[in-house]
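**Student:** Quick one: this structure, given as C-alpha cells, is what I'll be asking you about.
4 protein chains.
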Amino acid sequence: MKFSFKNDYSEGCHPNILQALLQSNLDQEAGYGEDRFCLQAKQLIKEKMNRKDSEIYFVSGGTQANLIVISSILKPYQAAISASTGHVLNNETGAIEATGHKVLSVETEDGKLRPSDIIQVLEGHRNVPHQVMPKLVYISNSTELGTVYNTKELEDLSSFCKENNLYLFMDGARLGHGLTAEISDLTLEKVAQLTDVFYLGGTKNGALIGEAIVINNPVLQEDFGFHIKQKGAMLAKGRLLGIQFLELMKNNLYFDLARHANQQAMKIKNALQEKGASFLSDTYTNQIFPILNNDLIEVLSEKFEFYVWKKIDEESSAIRLITSWNTPDQGVEDFIEIIKNN
Amino acid sequence: MKFSFKNDYSEGCHPNILQALLQSNLDQEAGYGEDRFCLQAKQLIKEKMNRKDSEIYFVSGGTQANLIVISSILKPYQAAISASTGHVLNNETGAIEATGHKVLSVETEDGKLRPSDIIQVLEGHRNVPHQVMPKLVYISNSTELGTVYNTKELEDLSSFCKENNLYLFMDGARLGHGLTAEISDLTLEKVAQLTDVFYLGGTKNGALIGEAIVINNPVLQEDFGFHIKQKGAMLAKGRLLGIQFLELMKNNLYFDLARHANQQAMKIKNALQEKGASFLSDTYTNQIFPILNNDLIEVLSEKFEFYVWKKIDEESSAIRLITSWNTPDQGVEDFIEIIKNN
Amino acid sequence: MKFSFKNDYSEGCHPNILQALLQSNLDQEAGYGEDRFCLQAKQLIKEKMNRKDSEIYFVSGGTQANLIVISSILKPYQAAISASTGHVLNNETGAIEATGHKVLSVETEDGKLRPSDIIQVLEGHRNVPHQVMPKLVYISNSTELGTVYNTKELEDLSSFCKENNLYLFMDGARLGHGLTAEISDLTLEKVAQLTDVFYLGGTKNGALIGEAIVINNPVLQEDFGFHIKQKGAMLAKGRLLGIQFLELMKNNLYFDLARHANQQAMKIKNALQEKGASFLSDTYTNQIFPILNNDLIEVLSEKFEFYVWKKIDEESSAIRLITSWNTPDQGVEDFIEIIKNN
Amino acid sequence: MKFSFKNDYSEGCHPNILQALLQSNLDQEAGYGEDRFCLQAKQLIKEKMNRKDSEIYFVSGGTQANLIVISSILKPYQAAISASTGHVLNNETGAIEATGHKVLSVETEDGKLRPSDIIQVLEGHRNVPHQVMPKLVYISNSTELGTVYNTKELEDLSSFCKENNLYLFMDGARLGHGLTAEISDLTLEKVAQLTDVFYLGGTKNGALIGEAIVINNPVLQEDFGFHIKQKGAMLAKGRLLGIQFLELMKNNLYFDLARHANQQAMKIKNALQEKGASFLSDTYTNQIFPILNNDLIEVLSEKFEFYVWKKIDEESSAIRLITSWNTPDQGVEDFIEIIKNN
C-alpha cells in the first residue's frame, strides 16, 4: 500500500481520544451537548483563549460549521465575501447558497483577504436595493493555499471590518496549523479578540470529527443552538465531540499535533528547495505545492499518493502534498530519498 | 447518581465498535465514505435486506437524515405528510421547512399513518396550483409513541402510495426496536421492498453517531451524494460511520441490541400492568408511557431520571420511560422493586 | 353570461384609476417606486392613519406581501402562528415555508386568533432548541371566513404580543371590508397603532393589482426594500402601484368601495335570513356562506356563478358568495328575486 | 424638466394597452390567468413563434421571471452559469441565491456566452460531489451591454448545451430590441427552437408590467403554475397581463416598438461616431455607452438625465444612454444638437 499525502484526514484520531472514549463509554450523560465533557472542553478553550464571554458550540465538520455560522449571521439580502480560493466558494457544493446567501468572490494572490480587496467589493455594491449587501468577511487560516495571516494583517482586517459594519469570520479547519507555522506570530488569544466568530478545526488535526465554533461577538451568540439543531448538526451523543476537544486541548495537544504536521511538510519543502524546486505558493504549514518535472511525479506516484494540482507546462506540474498530525518520519524520509535521487 | 430512563442515547457505544476503532485507527483510508469499512458495511446491509440495487449512505443523525432525504425528493412546491406526532413536525426546529417544504400534519390515535389518513390530506389539496402538492409520506417505525407497523399495514400503505404517486419514507431512528418488538411480523427485507427510502438508526441503538439511509427507488438514487455534501453531512472521516455500521450489522448485533432494549422495557411494563397501571399508548418497544399517581412519580424520581410526559388529572401523570441497548438488569429491577412496594 | 359572485377580483379597476393612468401615461417618472405618485400615495396613507413614522411599500398581491413581510421579520428558526383557516396556511402553495419558515396552525371557531389560542402554541414550544420559536402572529381582517376584529379584540391581541415578544402582522387583503363592516368599531388609525405591520389590500378592493404594506415598528423598517427586490416584487414602473393607491385613498374611495361591497352582501344576507336560511359563519363583510337546499343551489347556478363551499348533509350545502366594489344592484336584486321565489 | 435617457421604463404604456383596459374594464373575467385575454395572447404568441407545444405563463417583471424559471429547473445542488455582466448576478439582490442556487460567473468581452466559456466552467466543476453541478446556461438577448446574439451563435450554444445536458435559458427582458437590431438575423421562431425557456419582456418595451415566459422543453413544463403561485407572482387579475400581451402581439406592435427604440439610439450613436466618439461596446440596440469628455457630459447633463457609467480617465467617462418605445424625435434631435455644437 502506498503512503498517502493526499490529505490530513486519512487516519483515525489521536490515541488519547480513543482512551477517553473507552474510559467513559458506559457512563450515562446528558444529551445534545449538555454532558460534562462538552462543558469542560468549552471551559478549557475559554481559558486558553482568555475570553470568558465567548460562547462555544461543537459541530461535526467544516462545511457544517461554515453554513451554520454564515446563515445564522446574515439576513436574507446580505452576502459573504471570500477570496476566490475560499473553501465555501469551491468545495462545499453550494452549501452557503443553499441557505439563501450569495458569496462574493475576490481574486487574490495568496488566498488571503486584505482591506483593499474588500473595499473593491463594497464599492461595487452601492446600488441599493438592487444588489446584495456585503456583510460578512470569510477568511480561512491557514488558507486553502497553505498561507497564514500574521497579527498585523488580522488586526488591519478586523479594524476595517468594524469600521465598515462587517462581521469577520475565520474558518479554522486548519487553525492549529496556521497558528503553529514557524512564521506566524498570531495566537489563539488574538484570534479570539479580533474575530466575531471563528472555529478550531478538529477533523484535520487529530479528531475523528469535530469543529469548535467560538462566538466572540455577543450579538451573534443569541439563540445559536437553534441553528445547529435546525441544520441537523446537533448530535444526540454530544459527548463524542466534548471528549475529543477536551483531550485535544489538554496540555496543548492540539497545537503539538499541528506543529508536527507543519514540521513534516517543512522537511519535504526544504529537501525540494535544496534540489531547486519552485512552489505555487510560499507556505509554512502542512500543505505544500511544489512544481515538479512530470517524470519525477511519476516516480513519486509509484510509492505515494497525492494530488496533481495544476498543469504548469508540457513538462511540469504542481502537486499538492499534505502532512498530518500522524505523518511518521519514515514516510517523509522515504519521500525525500526519492527526491534526492532523482 | 440517578439511573436514567430519559432516552436511549445516554451511553456511549457498544464495546465492539470501540474495539474496531482501536484496531483500525492508524490505517490510512480514503475520505468521504470511500473507505473500505463503508463499502463493507453497505454490502452487509444489502445482503441482510436482500436487495442489491439499493443505495446506502451514512450520515450522523436523524434530523440530518430526515432533512436530506425529504429535501432531495421534493420539488419546491411539494410537501410531506406526517402524523401529528412525527419527529419532523415537532422535534427538529423546523428543519424540513428550512429546506423550503411544508409538512402537512394528520391527527392519529397511535402515531401511525393509514391510507384513510392520507386520503383526507389529498382531498384537501385539490385547488391546483394554490396549494402545496402532497408528494411524500413520512412515517416512523417504531413511532414517536413507541408503536409499530406490522407487515399488512406497511403493505397497504405502500400500495396506496404507489397508486397515488406518493413516495413512502420510513424514519428508522428506532427501526431496530420496531422490527424486534414481540408483536412485529415486519422484517428488514420487507421494509426494503415496501418503502422508497428508509434508514437504519444507529444513534439510538448502540452507535456513537450514525444513520444508514437506504434508497430503494432508483429514481431517488441519482446524485444523492451532492445533497449530503451540501447539507454539511459528509464526514471527511467517513470511516467512523462505516466502522460502526459494520460492527452493528455483524452477527445481527443491531437487532440483538434493540431486542434487549425492548425486553427491558417490557419487564417494567409487565410489572406496572400487574399493579394495574394504564398507559398512554399500548407499546411493545423500548418506550413506555405509564400513567402513575403523582406520589409514586415523586418516589421514583428520587432514584431515577425520566420525563413527566403529560398531566392526566390532578392526581396522576403519564411518564415516559426509555430503555436502551445497554440498560442493565439492575436498573430495571430496582425500578420494578419500587413499583411493587408502592 | 352568468353573473359571478365567485370573488372580488373579477372586474378590472375603479374608473378613476384608469383615468389617472391615462392622464399621466407619457410622463417620464423615476423607476422602482421613486415616482411622485408613490410618494404622494404614501403621504396620503400616513395622514389617514395619523402615523408619520410608518414606512410604506407597494407590492402587487397578497401572497407576495405575506411572504415578503414574514420572511423579512423571522430569523431562520422562528415561526409564524396562524388560525388554521389562514390564507398563508391553505392558499399560497407553501409560499412561507418556501422562504424557510414553519407556520403553526391553531384551530379557531371563527377564523380569529385570541391570546388564549396563542398561549397554547407557546406552551407547546418550550423544548429549546428542539422546536421552532413562535415569533410572529399572523391575522387577517376581514378573515377568510368573512369575520372581523373589533377594537377590543385587537387591543388585547396587541398587548399580548408585546408582552410575549411576538410581532403582530395583519393581512389586510380585505382590510377595507373589515373596517367598514357595520359591526366594526375598528379604524385605520387603530390598526396602525396596534400592529407591527399590516397591509391595505388593493387587488380585492378596486385596484388592478396592489397591496400597500405599512411597517409601523421601526425595528422592522430597516432595509425592507432589499426584500422586495430579492423576491422579484419591485416593479420597474412602480408608478402603476402609486397611481392606484393615490386614487383609492383620495376622498376615501377605498372605504366607499369596500362599504359598497359589504352592503351588497348584506342585502343578500338579509333576504336569506328572511327566508330562514342559516350560515356557516356570522359575517358582516363581503363574504357570506349561506346554507341552502341543493335544489335552490341548482336554480341559482343557472344564472349565477359561485363556489359550493361545503357539503352539510344529503340535502343541503353551504355556498360562498362574494360581492365586490363593483357588484351592481341589478345582480343583487336578481339573486334575491330567485331566493324569494324559491 | 430634463428629458431622461436613464432607462426604457420611464413612461407608462403604449396607448393601445390603456384603450384595451378601458374597453374591457367592467367585464367579469376568471382570475389567475384563466381569463380570455391571457388565453388569446398565449395563442397569438405561439402562432408568431410557430410552436404550438410550448407553454406560456405571464408574470410581472424580469427578476421575478428569472428567479421562478431558474428555481423551477434546478435541483438543490445544481447551479446556473452566467456571463459576469448578467442581470441575475449583479442586479437582482441575490434573488437566485435566495432560492438556494449558486450562479457561476464567467468573464466575457461583450456580455455574450460562447461554448468555450462554458467548457471552462464545466472543467472547473468535476470534483463530484464536492462542488455544485452546472446545469443551466443563462443568457440575455439583448445583453446588459446592449449586444445581441446572431443565429449562428445561438445555434452553437444550443447544440453545446444539448450535448452537455445543460438547459439553455434566455432572459428576454429586451428580446424585442435584440431581435430587431439591424445586425440581427435571429427570429422569434428560432429562439423558440433553440432555447429550453425564454421570455418576451414587456416592461421595457411598452407594457406597464409583464414578461411572457415561454417553456419550450416539455420536461420543464410540468406543474409550472405552482412555482408562479408559490413565489407570489400569480396575479388575481391576470387579465392585466393578458390584455397587455394581446395588444403588444397584435400587428407586431411589440417588434415595432423595439425597433423604434433601437433606431432612436442609432441616431445618437451615428451622430457621436461622426464626432469621433468611441464606445464601451459596439451595440445596435437601445443601449449605447459612448465615451465622452467630462465637459461635454456636464453640458449634456443640464438638459438630459442619464447614467455616468464608468470613469475612463481623468478627462473622460463612458455614459449609458437608453432609448425607449416612446422616445420622441425631439429628444433625440435636441441631444444630437448639443453633441454637434460641442
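Protein chains in written order, with the numbering used here: chain A, 1 to 342; chain B, 343 to 684; chain C, 685 to 1026; chain D, 1027 to 1368.
Yeah, the Cβ is synthetic: ideal placement off N, Cα and C, and Gly gets one too.
Just so it is clear, the structure is predicted and the values come from calculations on it, not from any experiment.
(1) On the criterion of 16 or more Cβ atoms from any shown chain inside 10 Å, does N165 of chain A qualify as buried, or is it exposed?
(2) Interface residues of chain D around G567 of chain B at Cβ under 8 Å?
(3) Identify whether L431 of chain B lies in helix, strand or coil by the three-state DSSP scheme.
(4) Enumerate in chain order the residues of its own chain whose CB-to-CB distance from I17 of chain A is below 6 Å, with the five nearest sequence positions on each side excluded.
(5) Which stretch, first to last residue, makes up the alpha helix (DSSP H) that contains E34 of chain A?
(6) Leaving out the 5 sequence neighbours to the left and right, which residues in its chain are closer than 8 Å to L705 of chain C when beta-carbon positions are compared?
(7) Along the chain, where does the beta strand (DSSP E) that runs through I551 of chain B open and close?
(8) Looking at the secondary structure, which residues open and close the alpha helix (DSSP H) in which I338 of chain A lies?
(9) Can you find a C-beta in chain B that's less than 9 Å from the C-beta of V816 of chain C?
(10) Checking contacts by CB at 9 Å: is E553 of chain B closer than that to chain C?
(11) Between which two residues does the beta strand (DSSP E) carrying A318 of chain A extend?
(12) Within the chosen definition, does the region 34-42 of chain A reach the region 97-107 of chain A through at least 3 CB pairs nearer than 8 Å?
(13) Can you give me the C-alpha to C-alpha distance between L919 of chain C and V128 of chain A, rounded to a whole angstrom?
(14) With a threshold of 9 Å between beta carbons, is I410 of chain B in contact with chain A?
(15) Run through DSSP, which three-state label would I312 of chain A get?
(16) Please name the residue in C:A917, C:T1011, C:D1013, C:L728 whose C-alpha comes closest to that of K934 of chain C.
(17) Less than 6 Å between C-beta atoms, sequence neighbours within five positions excluded: which residues of the same chain meet that for Y596 of chain B?
(18) Below 8 Å on the Cβ atoms is my guess for Y822 of chain C versus L870 of chain C; work out the distance and round it to an integer in Å.
(19) Enumerated in chain order, which unbroken segments of the beta strand (DSSP E) with a length of 3 residues or greater are wholly contained in the region 1118-1199 of chain D?
(20) What does Q1090 of chain D reach in chain B if we use C-beta pairs closer than 8 Å?
(21) Return the first residue and the last residue of the beta strand (DSSP E) that Y399 of chain B is part of.
(22) Does K229 of chain A come within less than 9 Å of chain C when only Cβ atoms are used?
(23) Please state if the CB of F1252 of chain D and the CB of V1240 of chain D are separated by a distance shorter than 9 Å.
(24) Quick one: which chain B residues come within Cβ less than 7 Å of S1086 of chain D?
(25) Would DSSP call G567 of chain B helix, strand or coil?
(26) Count the CB pairs spanning the region 1306-1314 of chain D and the region 1216-1223 of chain D that are closer than 8 Å, and state whether there are at least three.
(27) Three-state secondary structure (DSSP) at L870 of chain C?
(28) Just verifying my parser: in three-state terms, what is the DSSP assignment at F3 of chain A?
(29) Do I1094 of chain D and A1106 of chain D have their beta-carbon atoms positioned less than 9 Å apart in this structure?
(30) Please classify V533 of chain B as buried or exposed, where buried requires at least 16 other C-beta atoms within 10 Å of its C-beta.
(31) Given 8 Å as the limit, is there contact between the region 424-440 of chain B and the region 600-612 of chain B, that is, 3 or more CB pairs closer than that?
(32) Helix, strand or coil for N977 of chain C? Go by DSSP, reduced to three states.
(33) Buried or exposed for M1075 of chain D, please, with buried defined as at least 16 other CB atoms from any protein chain shown within 10 angstroms of its CB.
(34) G862 of chain C and S826 of chain C: beta carbons closer than 9 Å?
(35) Would you please state the rounded distance, in angstroms, between the beta carbons of N750 of chain C and A714 of chain C? I believe it to be under 8 Å.
(36) When the distance is taken between beta carbons, is S426 of chain B closer than 9 Å to E449 of chain B?
**Tutor:** Inspection of the coordinates gives the following:
(1) For the purposes of this step, residue 165 of chain A is taken as the residue at position 165 of the first sequence. The residue is exposed, with fewer than 16 neighbouring Cβ atoms inside 10 Å.
(2) Here residue 567 of chain B refers to the residue found at position 225 when the second sequence is read from its first residue. Under the 8 Å cutoff, chain D gives V1154, P1155.
(3) Residue 431 of chain B sits at position 89 when you count from the first residue of the second sequence. L431 of chain B: helix per DSSP, three-state reduction.
(4) Translated into positions along the first sequence, residue 17 of chain A becomes position 17. Closer than 6 Å at the Cβ level, and outside the excluded window around I17 of chain A, lie Q244, E247.
(5) Here the question's residue 34 of chain A lines up with position 34 in the first sequence. Where E34 of chain A is concerned, there is no enclosing alpha helix (DSSP H), given that its DSSP letter is neither H nor E.
(6) Position 21 of the third sequence, counting from 1, holds the residue named residue 705 of chain C. L924, I927.
(7) Reading the second sequence from its first residue, position 209 is the one you call residue 551 of chain B. Element bounds for I551 of chain B: n/a, residue is neither H nor E.
(8) If you number the first sequence from 1, residue 338 of chain A lands on position 338. Counting along the chain, the alpha helix (DSSP H) containing I338 of chain A begins and ends at 329-340.
(9) The count along the third sequence starts at 1 and reaches residue 816 of chain C at position 132. Cβ-Cβ to chain B under 9 Å: yes for V816 of chain C.
(10) In the second sequence, the residue the question calls residue 553 of chain B occupies position 211. Not closer than 9 Å to any Cβ of chain C, the Cβ of E553 of chain B fails to qualify, so no.
(11) Numbered from its first residue, the first sequence carries residue 318 of chain A at position 318. Note, A318 of chain A: beta strand (DSSP E), 316-322.
(12) no
(13) Position 235 of the third sequence, counting from 1, holds the residue named residue 919 of chain C. Position 128 of the first sequence, counting from 1, holds the residue named residue 128 of chain A. Distance between the alpha carbons of L919 of chain C and V128 of chain A is about 15 Å.
(14) By 1-based counting over the second sequence, the position of residue 410 of chain B is 68. By this cut-off, I410 of chain B is an interface position.
(15) Numbered from 1 along the first sequence, position 312 holds the residue referred to as residue 312 of chain A. Residue state, collapsed to three classes: coil.
(16) Translated into positions along the third sequence, residue 934 of chain C becomes position 250. Among C:A917, C:T1011, C:D1013, C:L728, the Cα nearest to that of K934 of chain C belongs to C:L728.
(17) Here residue 596 of chain B is taken as the residue at index 254 of the second sequence, counted from 1. So the list reads G518, L590, once near-sequence residues are dropped.
(18) Position 138 of the third sequence, counted from the start, is the residue given in the question as residue 822 of chain C. Position 186 of the third sequence, counted from the start, is the residue given in the question as residue 870 of chain C. Not confirmed; about 17 Å, so no contact.
(19) 1129-1132, 1159-1166, 1193-1197
(20) In the fourth sequence, counting from the first residue as 1, residue 1090 of chain D sits at position 64. Per Cβ cutoff of 8 Å: no residues; Q1090 of chain D is ~15 Å from chain B at best.
(21) Position 57 of the second sequence, counting from 1, holds the residue named residue 399 of chain B. 397-401 is the extent of the beta strand (DSSP E) around Y399 of chain B.
(22) Walking along the first sequence from the start, residue 229 of chain A turns up at place 229. Yes, K229 of chain A counts as interfacial toward chain C.
(23) To locate residue 1240 of chain D, count along the fourth sequence from 1; it is residue 214. To locate residue 1252 of chain D, count along the fourth sequence from 1; it is residue 226. No; because the gap between Cβ atoms is not below 9 Å, this pair is not in contact.
(24) Residue mapping note: residue 1086 of chain D aligns to position 60 of the fourth sequence, counting from 1. Chain B residues near S1086 of chain D: none, gap ~17 Å exceeds 7 Å.
(25) Within the second sequence, residue 567 of chain B is the residue found at index 225, counting from 1. Here G567 of chain B sits in helix by DSSP.
(26) no
(27) As a working mapping, residue 870 of chain C is identified with position 186 in the third sequence. Coil at L870 of chain C, not helix or strand.
(28) The sequence position of residue 3 of chain A within the first sequence is 3, counting from 1. Strand.
(29) For the purposes of this step, residue 1106 of chain D is identified with residue 80 of the fourth sequence, where counting begins at 1. For the purposes of this step, residue 1094 of chain D is identified with residue 68 of the fourth sequence, where counting begins at 1. Result no, Cβ atoms of A1106 of chain D and I1094 of chain D do not sit closer than 9 Å.
(30) For the purposes of this step, residue 533 of chain B is identified with residue 191 of the second sequence, where counting begins at 1. Buried, because 16 or more other Cβ atoms sit within 10 Å of the Cβ of V533 of chain B.
(31) no
(32) On the third sequence, position 293 is the one that residue 977 of chain C refers to. Strand at N977 of chain C.
(33) The residue given as residue 1075 of chain D occupies position 49 in the fourth sequence. M1075 of chain D comes out buried.
(34) Counted from its first residue, the third sequence places residue 862 of chain C at position 178. Counted from its first residue, the third sequence places residue 826 of chain C at position 142. Yes, the Cβ-Cβ distance between G862 of chain C and S826 of chain C is below 9 Å.
(35) Within the third sequence, numbered from 1, the residue matching residue 750 of chain C stands at position 66. Within the third sequence, numbered from 1, the residue matching residue 714 of chain C stands at position 30. At roughly 27 Å, the Cβ-Cβ gap does not stay under 8 Å, so N750 of chain C and A714 of chain C are not in contact.
(36) For the purposes of this step, residue 449 of chain B is taken as the residue at position 107 of the second sequence. For the purposes of this step, residue 426 of chain B is taken as the residue at position 84 of the second sequence. Result yes, Cβ atoms of E449 of chain B and S426 of chain B sit closer than 9 Å.
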